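Beneath this line is the structure, given in structure tokens, with notes to follow.
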Amino acid sequence: MAIHLFSLALVGAAEATSAELQLKLIPQTCVVTEQNPRCQIKARLLVNSHLQQQICLHQDTLLHSCQLHIPGQTTAFELSINSHNSVLLRLKTPQGKAIASATLQLVQFQGAYKRHKRGYLWNML
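Residues 6 to 130 in the working numbering are what the sequence shown lists, from first letter to last.
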């Protein structure tokens with residue numbers, strides 16, 4: 006069975022404005038079908054940095070939550086996503102300064118058409 010991925014646009018783990026900040030989005034893609042066009046998953050955003058700072062996670066334009074990041078530890082944000090579009094996740098300071106961003110991409114699954122049986126016996130061409 007051949008699988009075709011429509012609009013396969015994978016964006017890397019994240020775009021960081023600071024070289025010291027590292028983001029990892031798990032998963033990076035969500036597969037939707039024609040029967041179920043909405044992405045309904047739980048995602049995790051892992052943050053590593055050498056700076057101690059308060060960071061806030063924004064989903065598109067909505068504030069999700071804020072946490073204090075401690076150097077040497079991984080700060081994890083967990084969120085439930087229910088969307089029919091790609092989701093932009095941004096890390097900001099409490100004052101609103103953008104720190105980094107990551108995108109959860111939606112990918113459309115399309116199954117290949119099955120070839121019909123021809124009705125021949127096994128020894129016939």
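Just so you know, even glycine gets a beta-carbon here, dropped at the ideal spot from N, CA and C.
This one's a predicted model, so the numbers in the text were calculated from it and none came from an experiment.
(1) Are the CB atoms of HIS55 and PRO42 nearer to each other than 7 Å?
(2) With a CB to CB cut of under 6 Å and the five nearest residues on each side skipped, what residues in its chain are close to ILE31?
(3) Helix, strand or coil for ASN90, going by three-state DSSP, please let me know.
(4) Where does LYS33 fall in DSSP's three states?
(5) Does the Cβ of LEU109 have 16 or more other Cβ atoms within 10 Å, making it buried, or fewer, making it exposed?
(6) Which of the three DSSP states, helix, strand or coil, is assigned to GLN115?
(7) With LEU26 and ALA105 assumed to form a contact (beta carbons below 8 Å), what rounded beta-carbon distance in angstroms separates them?
(8) Under 7 Å, Cβ to Cβ, is there at least one residue of chain C near GLN78?
(9) Could you tell me whether the Cβ atoms of GLN45 and LEU94 are closer together than 7 Å?
(10) Quick one, are the C-beta atoms of LEU28 and ILE60 less than 7 Å apart?
(11) Cβ atoms of LEU84 and CYS35: under 7 Å apart, would you say?
(12) Quick one: using the 10 Å Cβ neighbour count with 16 as the cut-off for buried, is HIS89 buried or exposed?
(13) Taking its Cβ as the centre, do 16 or more other Cβ atoms sit within 10 Å of ALA117, making it buried, or is it exposed?
Short version:
(1) On the sequence shown, residue 55 is found 50 positions in, with the first residue counted as 1. On the sequence shown, residue 42 is found 37 positions in, with the first residue counted as 1. Cβ distance not < 7 Å, so HIS55 and PRO42 don't count as in contact.
(2) For the purposes of this step, residue 31 is identified with residue 26 of the sequence shown, where counting begins at 1. Contacts found: ARG49.
(3) Walking along the sequence shown from the start, residue 90 turns up at place 85. Collapsing the DSSP output to three states places ASN90 in coil.
(4) For the purposes of this step, residue 33 is taken as the residue at position 28 of the sequence shown. It is Gln, not Lys, that sits at residue 33 in the sequence shown. Secondary structure at GLN33: coil, using DSSP grouped into helix, strand and coil.
(5) The residue given as residue 109 occupies position 104 in the sequence shown. Buried is the call here.
(6) The count along the sequence shown starts at 1 and reaches residue 115 at position 110. GLN115: strand per DSSP, three-state reduction.
(7) The residue you call residue 26 lines up with position 21 of the sequence shown. The residue you call residue 105 lines up with position 100 of the sequence shown. Taking a contact as a CB-CB distance under 8 Å, the pair LEU26 and ALA105 counts as one, their CB atoms being some 5 Å apart.
(8) Judged by its chain identifiers, the structure shown contains no chain C, having just a single protein chain.
(9) Numbered from 1 along the sequence shown, position 40 holds the residue referred to as residue 45. Numbered from 1 along the sequence shown, position 89 holds the residue referred to as residue 94. No, Cβ-Cβ distance for GLN45 and LEU94 is not below 7 Å.
(10) On the sequence shown, position 23 is the one that residue 28 refers to. On the sequence shown, position 55 is the one that residue 60 refers to. For LEU28 and ILE60, no; Cβs fall outside 7 Å.
(11) The residue labelled residue 35 in the question sits at position 30 within the sequence shown. The residue labelled residue 84 in the question sits at position 79 within the sequence shown. No.
(12) Locating residue 89 in the sequence shown gives position 84, counting from the first residue. Classification of HIS89: exposed, given that the 10 Å Cβ count is below 16.
(13) If you number the sequence shown from 1, residue 117 lands on position 112. Classification of ALA117: exposed, given that the 10 Å Cβ count is below 16.
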